[in-house]
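Note sheet for the following structure.
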Amino acid sequence: MRLLSFSGRNAKEILRDPLNLGFGLGFPLILILLLSAIQANVPVSLFEIENLAPGITVFGLSFMTLFSATLIAKDRESALLQRLYTTPLTASDFIFGYALPILPIAIAQSIICYIAAILLGLPITINIIYALIFIIPVALFFIAAGLLCGSVFTSKQVGGICGALLTNLTAWLSGIWFDLELVGGAFKKIANLLPFVHAVELEKAVLNGNYSDIFPHLYWVLGYMGAAVLFAIMLFLRQMKKQ
Amino acid sequence: MEAIKAEGLTKKYKDITAVDRLDLKVMQGELFSLLGVNGAGKTTTIKMLSCLTKPTSGDAKLLENSIITNESNVKRIIGVSPQETAVAPNLTVKENLELMCGIHGLSKKKRKAKTDELADQFDLKQMLKRKAGKLSGGWQRRLSIAMALISEPKILFLDEPTLGLDVLARRELWDIINSLKGKVTIILTTHYMEEAEALSDRIGIMKNGKLLALGTVDDLKRKANTDKFEDAFIAIVKEDSK
Numbered sequence: 068m069r070l071l072s073f074s075g076r077n078a079k080e081i082l083r084d085p086l087n088l089g090f091g092l093g094f095p096l097i098l099i100l101l102l103s104a105i106q107a108n109v110p111v112s113l114f115e116i117e118n119l120a121p122g123i124t125v126f127g128l129s130f131m132t133l134f135s136a137t138l139i140a141k142d143r144e145s146a147l148l149q150r151l152y153t154t155p156l157t158a159s160d161f162i163f164g165y166a167l168p169i170l171p172i173a174i175a176q177s178i179i180c181y182i183a184a185i186l187l188g189l190p191i192t193i194n195i196i197y198a199l200i201f202i203i204p205v206a207l208f209f210i211a212a213g214l215l216c217g218s219v220f221t222s223k224q225v226g227g228i229c230g231a232l233l234t235n236l237t238a239w240l241s242g243i244w245f246d247l248e249l250v251g252g253a254f255k256k257i258a259n260l261l262p263f264v265h266a267v268e269l270e271k272a273v274l275n276g277n278y279s280d281i282f283p284h285l286y287w288v289l290g291y292m293g294a295a296v297l298f299a300i301m302l303f304l305r306q307m308k309k310q
Numbered sequence: 321m322e323a324i325k326a327e328g329l330t331k332k333y334k335d336i337t338a339v340d341r342l343d344l345k346v347m348q349g350e351l352f353s354l355l356g357v358n359g360a361g362k363t364t365t366i367k368m369l370s371c372l373t374k375p376t377s378g379d380a381k382l383l384e385n386s387i388i389t390n391e392s393n394v395k396r397i398i399g400v401s402p403q404e405t406a407v408a409p410n411l412t413v414k415e416n417l418e419l420m421c422g423i424h425g426l427s428k429k430k431r432k433a434k435t436d437e438l439a440d441q442f443d444l445k446q447m448l449k450r451k452a453g454k455l456s457g458g459w460q461r462r463l464s465i466a467m468a469l470i471s472e473p474k475i476l477f478l479d480e481p482t483l484g485l486d487v488l489a490r491r492e493l494w495d496i497i498n499s500l501k502g503k504v505t506i507i508l509t510t511h512y513m514e515e516a517e518a519l520s521d522r523i524g525i526m527k528n529g530k531l532l533a534l535g536t537v538d539d540l541k542r543k544a545n546t547d548k549f550e551d552a553f554i555a556i557v558k559e560d561s562k
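Here you go:
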């Protein structure tokens, strides 16, 4: 009951912000349409819908970090959290209450991306369902990163770090826009040490039915997800104590 | 019966002592004000009593429940309206009230009854569908206090409830606070002398984390040998500086 009330409130706060809807749902859709239009005129294998859809889906999830971090940072600044800390809500109510409502939003966003991809020619197969299942750990990574950033940064800092830095990192270091092989060297090595390219490769492998190719990308994603969740819980509890 | 009994309550932040061995008794149904200049330790005292921050030493019991060993019981009997506005801005007034109902585990039936009752009491009925973030400062404070009363707390903490409000909004909030007197124990912090004077049964004057004086308005005026409460406050605070 307590958790439901709190998570319901958080979902409403996110969904009632027109900027969230615009960026979270509109931006990935515009990108998928734009890049498909480019592909139609100048064919590039990277922008074929089977490769593009998983990339844009992962990129879209980077906005979940912005949503969760902004919500928590604003709550901290407005003293709403202070009020709620004096109620019977427990630490786990807070953590799940912030994380859980964003997961369905993330999945809904991924569904919308794949529906757009189907309209642009992606064949309808069971693999789309599997791709939506495998997107969950990726979504959890981004949501936990938001919990982490929201616990540490102010809402202004969150805008810069999650809104600009993280979305750009996800874009540039994931191999969505260009093949990392083309750059190579340190850039490729750094990209391979981060989770973004692995999340995209994992989704590509699942969507295209190449199940043997999901490893080691799944390990990378699960590892980063576990670490992000752990650090997010630690830092949230730390700021809770600081109150 | 005592609603609050603090003994040796102390809070230190590194080498700064925010609250220094505070001993305090507040009776049930009393409206007790903590008065002091900036940095006196009023908000830190409220934060400790409402389990927001742990004391460095000492303890306080709220209706026999220790803030250190019985935190969850304390949280069930208190309501807090923090210094800054603490409402969910994208939720309507009604949804804010319902949020607090849900967090305190009220049944659906009771949730509606409580929301209606508080909307009526705080004159919020015509505002129920408006987003809290769009309300004026005075209405947000009203809502904030109403949210603190959802759980029918035995002890209500109001941290500078009228800070930054215009005269009219302040007077309206005074009426609301006055209407709560006797029904619930209220701990109020304020900077405004006239507010403490108009509302309080007893007043505690704090400075540098210490409780300098304690009593009714008349007690404090007698103690400082002045006719005006503001003069009494200044005299007591200045006396300590000597």
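One line per chain: the protein sequences are A and B, in this order.
The first sequence begins at 68 in our numbering and counts up by one.
The second sequence begins at 321 in our numbering and counts up by one.
For each residue, glycine too, the CB sits at the ideal point set by N, CA and C.
Just so it is clear, the structure is predicted and the values come from calculations on it, not from any experiment.
### Query
How about B/P402: is its C-beta nearer than 8 angstroms to some C-beta of chain A?
In the second sequence, counting from the first residue as 1, residue 402 of chain B sits at position 82. It does; some Cβ of chain A falls within 8 angstroms.
#### Entry: Reduced DSSP secondary structure (H/G/I, E/B, other) of B/F436
Counting from one through the second sequence, the residue named residue 436 of chain B turns up at place 116. The question names Phe, but residue 436 of chain B is Asp in the sequence shown. In this structure, B/D436 counts as helix in the three-state DSSP scheme.
### Query
What does B/R450 touch in chain A if you count any residue whose Cβ is under 9 angstroms from its own?
Working through the second sequence from its first residue, we reach residue 450 of chain B at position 130. What B/R450 touches in chain A: nothing, since even the nearest Cβ is about 13 angstroms away.
### Message
Relative to the C-alpha of A/N275, which candidate in A/Q306, A/S218, A/Y165, A/A198 has its C-alpha closest?
### Response
On the first sequence, residue 275 of chain A is found 208 positions in, with the first residue counted as 1. When only C-alpha atoms are compared, the closest one is A/A198.
#### Entry: A/P110 versus A/R143 - alpha carbon distance
Here residue 110 of chain A refers to the residue found at position 43 when the first sequence is read from its first residue. Here residue 143 of chain A refers to the residue found at position 76 when the first sequence is read from its first residue. Going by the C-alpha atoms only, they are around 48 angstroms apart.
### Task
List the residues of chain B whose Cβ lies closer than 8 angstroms to the Cβ of A/P155, in chain order.
Within the first sequence, numbered from 1, the residue matching residue 155 of chain A stands at position 88. Within 8 angstroms Cβ-Cβ: S392, K395, R396, I423, H424, G425.
### Message
Within the continuous beta strand (DSSP E) that includes B/R396, where are the two ends?
### Response
In the second sequence, residue 396 of chain B corresponds to position 76, counting from 1. Looking at the DSSP string, B/R396 is not in any beta strand (DSSP E); the run it does join, the alpha helix (DSSP H), is 391-397.
### Task
Would you check if the distance between the CB atom of A/A184 and the CB atom of A/M292 is smaller than 8 angstroms?
Position 117 of the first sequence, counting from 1, holds the residue named residue 184 of chain A. Position 225 of the first sequence, counting from 1, holds the residue named residue 292 of chain A. Taking 8 angstroms as the cut-off, the beta carbon of A/A184 is found no closer than this to the beta carbon of A/M292.
### Message
List, in chain order, every chain A residue whose beta-carbon is nearer than 8 angstroms to that of B/S619.
### Response
This structure cannot speak to residue 619 of chain B, because chain B is shown only from 321 to 562.
### Query
What is the rounded straight-line gap between the Cα of A/R76 and the Cα of B/M447?
Position 9 of the first sequence, counted from the start, is the residue given in the question as residue 76 of chain A. Position 127 of the second sequence, counted from the start, is the residue given in the question as residue 447 of chain B. Per the coordinates, the alpha-carbon of A/R76 lies some 19 angstroms from the alpha-carbon of B/M447.
### Message
On the criterion of 16 or more Cβ atoms from any shown chain inside 10 Å, does B/M368 qualify as buried, or is it exposed?
### Response
Along the second sequence, read from residue 1 onward, the residue named residue 368 of chain B stands at position 48. Buried, because 16 or more other Cβ atoms sit within 10 Å of the Cβ of B/M368.
### Task
State the DSSP-derived secondary structure class of B/I423, mapped to helix, strand or coil.
One-based indexing of the second sequence puts residue 423 of chain B at position 103. When DSSP states are grouped into helix, strand and coil, B/I423 belongs to the helix group.
### Task
With DSSP collapsed to three states, give me the class of B/V504.
Here the question's residue 504 of chain B lines up with position 184 in the second sequence. Residue state, collapsed to three classes: strand.
#### Entry: Distance between B/E480 and A/L358 (C-alpha atoms, nearest Å)
There is simply no residue 358 of chain A to check, as chain A begins at 68 and stops at 310 in what is shown.
### Partners in chain A for B/R406, counting only beta-carbon separations shorter than 7 angstroms
Taking the second sequence and counting its residues from 1, one reaches residue 406 of chain B at position 86. With the sequence shown as reference, residue 406 of chain B is identified as Ala, and Arg is not the correct amino acid for it. Close partners of B/A406 in chain A (Cβ separation under 7 angstroms): S145, A146, L147, Q149, R150.
### Listed by chain order, chain B residues near A/F303 by CB distance under 9 angstroms
By one-based count along the first sequence, residue 303 of chain A stands at place 236. Near A/F303 there are no residues of chain B at all, since even the closest Cβ is about 16 angstroms away, more than 9 angstroms.
### Beta-carbon gap between B/G529 and B/D335 smaller than 8 angstroms
Taking the first residue of the second sequence as position 1, residue 529 of chain B is located at position 209. Taking the first residue of the second sequence as position 1, residue 335 of chain B is located at position 15. Inclusion of B/G529 and B/D335 in the CB contact set at 8 angstroms is not warranted, their separation being larger than that value.
### B/R461 versus A/A238: straight-line alpha-carbon distance, rounded
Mapped onto the second sequence, residue 461 of chain B falls at position 141. Mapped onto the first sequence, residue 238 of chain A falls at position 171. Computed Cα separation, rounded: 43 angstroms.
### Message
Here's the rule I'm using: 16 or more other beta-carbon atoms within 10 Å means buried, otherwise exposed. How should A/P171 be labelled?
### Response
As a first step, residue 171 of chain A must be located in the first sequence, where it is residue number 104. When all chains shown are included, A/P171 counts as exposed.
### Query
Going by alpha carbons, who is nearest to A/L100 out of A/L147, A/L86, A/I182?
Counting from 1 along the first sequence, the entry for residue 100 of chain A is found at position 33. Comparing Cα positions, the closest option is A/I182.
### Element boundaries [alpha helix (DSSP H), containing B/E404]
Counted from its first residue, the second sequence places residue 404 of chain B at position 84. That residue, B/E404, is in no alpha helix (DSSP H); it is neither H nor E in DSSP.
### Under 7 angstroms from the C-beta of B/L419: neighbouring residues of chain A
Working through the second sequence from its first residue, we reach residue 419 of chain B at position 99. Those within 7 angstroms of B/L419 in chain A are S72, R76.
### Message
Excluding the 5 residues flanking A/I195 on each side, which residues of the same chain have their C-beta closer than 8 angstroms to its C-beta?
### Response
Stepping through the first sequence from its first residue, residue 195 of chain A is reached at position 128. Excluding positions up to five away in sequence, the list reads Y181, I185, L189, L274.
### Message
Looking at the strands, I want to know which residues DSSP matches up with B/D379.
### Response
Here residue 379 of chain B refers to the residue found at position 59 of the second sequence. B/E327.
#### Entry: Bridge-paired residues (DSSP) for B/E322
The residue you call residue 322 of chain B lines up with position 2 of the second sequence. Partner residues in the beta bridge of B/E322, as assigned by DSSP, are B/M347.
### Task
Thinking B/I324 and B/L382 are a contact (beta carbons under 8 angstroms), I'd like their distance in whole angstroms, please.
Position 4 of the second sequence, counted from the start, is the residue given in the question as residue 324 of chain B. Position 62 of the second sequence, counted from the start, is the residue given in the question as residue 382 of chain B. With a Cβ gap of about 6 angstroms, B/I324 and B/L382 count as contacting.
### Query
Can you give the Cα-Cα distance for A/A266 and A/L98, rounded to whole angstroms?
Numbered from its first residue, the first sequence carries residue 266 of chain A at position 199. Numbered from its first residue, the first sequence carries residue 98 of chain A at position 31. For A/A266 and A/L98, the distance between alpha carbons rounds to 18 angstroms.
### From A/G122, A/A120, A/Y286, A/Y165, residue whose alpha carbon lies closest to that of A/F303
Translated into the one-based positions of the first sequence, residue 303 of chain A becomes position 236. With distances taken between Cα atoms, A/F303 lies closest to A/Y165.
### Task
Inspect the beta-carbon positions of B/I507 and B/F477 and report whether they are closer than 8 angstroms.
Within the second sequence, the letter at position 187 stands for residue 507 of chain B. Within the second sequence, the letter at position 157 stands for residue 477 of chain B. Annotated as proximal: B/I507 and B/F477, with beta-carbon spacing under 8 angstroms.
### Query
Nearest to A/I281 by alpha carbon, out of A/I228, A/F201, A/A231, A/D246?
Within the first sequence, the letter at position 214 stands for residue 281 of chain A. Minimum Cα distance to A/I281 is reached at A/F201.
### Query
Going by Cα to Cα distance, which pick from A/D84, A/S103, A/F114, A/L70 is closest to A/F245?
As a first step, residue 245 of chain A must be located in the first sequence, where it is residue number 178. With distances taken between Cα atoms, A/F245 lies closest to A/F114.
#### Entry: Chain-ordered chain B contacts of A/D84 [CB-CB under 7 angstroms]
Numbered from its first residue, the first sequence carries residue 84 of chain A at position 17. Result: N410.
### Message
If you measure between the beta carbons of B/T546 and B/S353, is that distance less than 8 angstroms?
### Response
Walking along the second sequence from the start, residue 546 of chain B turns up at place 226. Walking along the second sequence from the start, residue 353 of chain B turns up at place 33. Cβ distance not < 8 angstroms, so B/T546 and B/S353 don't count as in contact.
### Message
For chain B, check one thing: does any of its Cβ atoms lie closer than 8 angstroms to the Cβ of A/M292?
### Response
To locate residue 292 of chain A, count along the first sequence from 1; it is residue 225. No, A/M292 does not count as interfacial toward chain B.
### Query
Can we say the segment 81-100 of chain A touches the segment 148-167 of chain A, given the rule of at least three CB pairs closer than 8 angstroms?
The segment 81-100 of chain A vs the segment 148-167 of chain A: no contact.
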